Amino acid sequence: MNKEDIRYFRLLGIHVIIGFLVYFVPPLRNPMYLFGIIYFFIRIILAHPSHKTLEVLRACCYIVGAEVLFRMTNGGLFYEASKYLVI
């Protein structure tokens with residue numbers, strides 16, 4: 065396995081852990097959602113102009129995916145936040 069494969073499996077494992085934490089520890093849902101929004105907001109601001117579009121698309125995907133996850137687990141504090149953040 066090369067470095068890219070190892071990085072992929074590491075990110076996959078991190079996402080699985082986050083999914084279990086969000087599902088089994090309800091008090092972590094809202095802070096994780098807010099952390100994700102802040103994280104991607106900072107990444108968009110600090111991105112090189114040529115990579116800014118990719119960062120915005122990546123942030124939109126994560127925010128919409130998190131919104132779906134939180135609606136399925138009845139854990140979303142801001143049910144309409146993803147609409148306004150994506151726009």
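Each residue of the sequence shown is one higher than the one before, starting from 65 at the first, in the working numbering. Every residue, glycine too, gets a C-beta built ideally from N, C-alpha and C. Just so it is clear, the structure is predicted and the values come from calculations on it, not from any experiment.
- Remark: C-beta atoms of TYR87 and THR137 approach each other more closely than 8 angstroms.
- The beta carbons of PHE104 and TYR126 sit closer together than 8 angstroms.
- For a cut-off of 8 angstroms, the C-beta gap from ILE108 to ALA123 is around 6 angstroms, short enough to register as a contact.
- Note on SER146: 16 or more other CB atoms within 10 angstroms of its CB, so buried under the neighbour-count rule.
- The C-beta distance from VAL128 to VAL150 rounds to 6 angstroms, short enough to meet the 8 angstroms contact threshold.
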